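Scroll down for the structure; my scribbles are underneath it.
Numbering (this note's numbering), first residue to last: 530 to 612.
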């Protein structure tokens, strides 16, 4: 018995890992942006704006990761939903 999974399973595992990596990359970038804006916040209103931006952008995290994955796959023009 071979140690490597059959071809369809390997492709599915690779796709899942690729999606997870893009999502992780986007989440780390979002968190870094949040910490940067939080460090520069000097008023309570600025802290609230940073929190609100984090919440709003986290709702779009999956779409952002999917867009990056499509760009890495060679998509040159934006999709209809991106305009």
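We put the beta carbon where it would ideally sit given N, CA and C, even for glycine.
From a predicted model like this one, the values you see are computed outputs, not experimental measurements.
key: Run of the alpha helix (DSSP H) containing residue 604, from where it starts to where it stops   = The residue given as residue 604 occupies position 75 in the chain shown. Counting along the chain, residue 604 falls outside any alpha helix (DSSP H), and DSSP gives it neither H nor E.
task = Quick one: using the 10 Å Cβ neighbour count with 16 as the cut-off for buried, is residue 551 buried or exposed?
result = Walking along the chain shown from the start, residue 551 turns up at place 22. The residue is buried, with at least 16 neighbouring Cβ atoms inside 10 Å.
inquiry  = Just verifying my parser: in three-state terms, what is the DSSP assignment at residue 569?
reply    = Here residue 569 refers to the residue found at position 40 of the chain shown. DSSP places residue 569 in coil when its eight states are reduced to three.
query = Is it buried or exposed for residue 575, if we count other Cβ within 10 angstroms and need 16 for buried?
reply = Start at 1 with the first residue of the chain shown, and residue 575 comes out as number 46. Taking all protein chains in view, the Cβ of residue 575 is surrounded by fewer than 16 other Cβ atoms within 10 Å, so the residue is classified as exposed.
query = Are the CB atoms of residue 583 and residue 555 nearer to each other than 9 Å?
reply = One-based indexing of the chain shown puts residue 583 at position 54. One-based indexing of the chain shown puts residue 555 at position 26. Taking 9 Å as the Cβ cut-off, residue 583 and residue 555 do not qualify as a contacting pair.
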